[in-house]
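See below for the structure under consideration.
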Amino acid sequence: MSGDQPPPVSAKEADARAAVDVKALHAAGRLEAARERYAELVTRHQRRAVRIAFHYLRDAADADEAVQDAFVKAYLHIGTFREELPFEVWFTRILINGCLDRLKARRRREKWLAPATTDAMGVERSPADFLPSRGPSPEDQVLSEERRRQLGAALSQLPERQRLVFMLSHFEGRSSREVSAMTGLNESTVRVHLFRAIRRLRALLASGAAGESGSRRISRAAH
Amino acid sequence: MRLIDGLLRRGHLSERALVDALLSGERPAHLDRCDICADRAVDLGRWLDDLKTAGIEAADAAFSTERLAMQQTQILRRLEQLDQPARVIAFPTQARLGQRDPNDRRVAPAWLGVAAAAGLVLGLVGGQVTARIGSRPVVVPAPATVQALLDDGQPSSTVRLAQPDLDLDLEGLNIPALDAVDGITPKFTTVALTRVGR
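Those protein sequence lines, which keep their order, are chains A and B. Just so you know, we're using the working numbering here: the first sequence kicks off at 1 and counts up by one. Just so you know, we're using the working numbering here: the second sequence kicks off at 1001 and counts up by one.
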C-alpha cells in the first residue's frame, strides 16, 4: 500500500537516527554493525568537514588529519551524543576544536621550523597545490586557479574567528544560530564577525585586483 | 531604516544592512524603492556567490574524490583498530611481582642493613685474629746461600733454602736402595756449616 510508506526523512533526522543507532550498537557490543552505520555518517559529512578544515587550516595535509581525527573522536564519544542537538552541529564543534588545537600547535612549531615548500617562483604553496588535477581547459584552470589563489590569500589574512564564521555562514550556508552552536560564540558576535569578514575580504580582494591590474598596466607600458 | 543610514547615507542602506539582508534572506522594503541600493545588493550578492564558488572549488580541488575515498578507508581502519581489544603484554619483572604471594614474608630493608654491618664487623675481627695467629714469631735462621757446583760443570746457581725444611726432608727420606748414592753425595748441612765456618 502506498499509504503505508514512511514520510521522507530530512538529512538532520537521518543523521540523528544513524547516530543513535551507532550509540546503541556500540553499547550492545555489536561493534562491526556500529562501524558500518557510522560509515554512513562519515560519507554524508566528509566533504563538508573537509571544506571547513581546509579553509580553517589553509593546509590540505593538516585538514586531512584534522577530519580523520574528528571522525574518530566523534565515534569514540558517541555515547555522549545528545539527540536534541543535530549530529552535524555536534560533529562540527569537535572538528573546529581539533582545528583550533592544530593551529595552536602549528604556531608553536613555526617558531622553530623553516617555512613550508615553495614553488619555482618562490611562492609558498601547500603540498596539495602540487597534486595533479583534472577538469576544465587549461585557460579556465589558470583563471580559476588565479581566483582561488586570490581568495586563499585574502582568507588567510582574516583573523581566525572571522574566517571560521565567514566560512560556516557563507560557504556552508549556516544560520547565525547554527554557527553560534557550532563555535560556541554568541549569535550577535557571529553576526559582527561575519560582517567584518565580508568588509575586510572586499577590501583585500579589491586592493589585490587593483594592484594586479595596475601592475599589468605597468608591464604593458614597459613593453 | 536606521537613523544613521538616513543621516549619513542620504537614506541609503549601509553595507551591513545589505549583508544582513542578503544572508538572512529578509529583503528590506527600501530595496523596492531605491534602485541604487537594489543595484548594490545585486552586486554584493554576485560577489558573495563568486566568493562561495571559488572557496568551494579551492577545497574540492585539494580533495579529489579519490582522496576522500582514501580518507574514509583510513578512518574506518582506525575505528576498527580502536574496537579491537587491546593486547597488553606484561613486562617480565612486573609479571613476577604480580605472582608474589601476599602472605610471603619479606625481610625488612632495615634488617638487611644490620646484617651487612654485622658481617663487616665479623669479617674485620676474624681477619685480625687470623693475621695474629698467622704471624706468630717462628725462629728461622738466616737463609743460607748455597752455591752448589754440579758435576756436569754447569754454571753455578744460587739457591736459598731454609735449614729446617732441608733437615726435615733429609730425615724423612730413607730409601735403602739409594743409600749408596746417598753415601757419595755431600750433605747440605755439612756444606753449609763448612761455609759458615770459613
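Where a beta carbon is used, it is the ideal one built from N, C-alpha and C, also for glycine.
Taking its Cβ as the centre, do 16 or more other Cβ atoms sit within 10 Å of B/S1157, making it buried, or is it exposed?
Reading the second sequence from its first residue, position 157 is the one you call residue 1157 of chain B. Annotation note: pLDDT 46 at B/S1157 (below 50); position unreliable, no value reported.
Between A/A66 and A/G98, which are expected to be in contact by the criterion C-beta below 8 Å, what is the C-beta distance as a whole number of angstroms?
The sequence position of residue 66 of chain A within the first sequence is 66, counting from 1. The sequence position of residue 98 of chain A within the first sequence is 98, counting from 1. Going by Cβ atoms, the distance from A/A66 to A/G98 rounds to 5 Å, so yes, they are a contact pair.
Applying a beta-carbon distance threshold of less than 8 Å, which residues of chain B neighbour A/Q162?
Your numbering for residue 162 of chain A matches position 162 in the first sequence. Simply none; closest approach about 13 Å.
Run through the region 166-208 of chain A for me and flag every whole alpha helix (DSSP H) of 4 or more residues, listed as ranges in chain order.
176-183
How would you write the range of the alpha helix (DSSP H) that A/S10 sits in, first residue to last?
Reading the first sequence from its first residue, position 10 is the one you call residue 10 of chain A. Note, A/S10: premise wrong, no alpha helix (DSSP H); not H, not E.
Which full runs of the alpha helix (DSSP H) of 4+ residues lie inside the region 45-111 of chain A, going along the chain?
60-76, 87-110
Any beta-carbon of chain B closer than 9 Å to the one on A/D15?
To locate residue 15 of chain A, count along the first sequence from 1; it is residue 15. The beta-carbon of A/D15 is placed no less than 9 Å from the nearest beta-carbon of chain B.
Along the region 1023-1043 of chain B, where does the CB come closer than 9 Å to a CB of chain A? Name the residues.
L1023, S1024
Just how far apart, CA to CA, sit A/G152 and A/D64?
Counted from its first residue, the first sequence places residue 152 of chain A at position 152. Counted from its first residue, the first sequence places residue 64 of chain A at position 64. For A/G152 and A/D64, the distance between alpha carbons rounds to 18 Å.
Neighbour flag for A/V142 against chain B, beta carbons, 9 Å
Looking up residue 142 of chain A in the first sequence gives position 142. So no, A/V142 is outside the interface.
B/P1065 - containing alpha helix (DSSP H), residue span:
In the second sequence, residue 1065 of chain B corresponds to position 65, counting from 1. One point to set straight first is that residue 1065 of chain B is Thr, not Pro, in the sequence displayed. Its alpha helix (DSSP H) spans residues 1065-1083.
Using a Cβ-Cβ cut-off of 9 Å, state whether A/L31 counts as contacting chain B.
Reading the first sequence from its first residue, position 31 is the one you call residue 31 of chain A. Yes, A/L31 counts as interfacial toward chain B.
With a threshold of 9 Å between beta carbons, is B/L1079 in contact with chain A?
In the second sequence, counting from the first residue as 1, residue 1079 of chain B sits at position 79. Chain A, which has a Cβ nearer than 9 Å to the Cβ of B/L1079, makes this yes.
Output yes if chain B places a C-beta closer than 9 Å to the C-beta of A/L25; else output no.
As a working mapping, residue 25 of chain A is identified with position 25 in the first sequence. Not closer than 9 Å to any Cβ of chain B, the Cβ of A/L25 fails to qualify, so no.
Beta carbon proximity, B/R1106 to chain A, threshold 9 Å:
Position 106 of the second sequence, counted from the start, is the residue given in the question as residue 1106 of chain B. Closer than 9 Å: no.
Is the distance from the Cβ of A/M182 to the Cβ of A/R51 below 9 Å?
Start at 1 with the first residue of the first sequence, and residue 182 of chain A comes out as number 182. Start at 1 with the first residue of the first sequence, and residue 51 of chain A comes out as number 51. Against a cut-off of 9 Å, the Cβ pair of A/R51 and A/M182 comes out as no contact.
Work out the CA separation of A/G184 and A/L41 for me, nearest whole Å.
Taking the first residue of the first sequence as position 1, residue 41 of chain A is located at position 41. Taking the first residue of the first sequence as position 1, residue 184 of chain A is located at position 184. Those two C-alpha atoms are separated by around 23 Å.
Contacts of A/A234 in chain B (Cβ-Cβ under 8 Å)
Past the boundaries of the shown model lies residue 234 of chain A; chain A is included only from 1 to 223, so the question cannot be answered.
When you compare the CB positions of B/Q1081 and A/Q46, do they come within less than 9 Å of one another, or not?
As a working note, residue 1081 of chain B is residue 81 in the second sequence. As a working note, residue 46 of chain A is residue 46 in the first sequence. For B/Q1081 and A/Q46, no; Cβs fall outside 9 Å.
Assuming B/A1021 and B/A1041 are in contact, meaning their beta carbons sit under 8 Å apart, how far apart are those beta carbons, in whole angstroms?
For the purposes of this step, residue 1021 of chain B is taken as the residue at position 21 of the second sequence. For the purposes of this step, residue 1041 of chain B is taken as the residue at position 41 of the second sequence. About 7 Å separates the Cβ atoms of B/A1021 and B/A1041, confirming a contact at the 8 Å cut-off.
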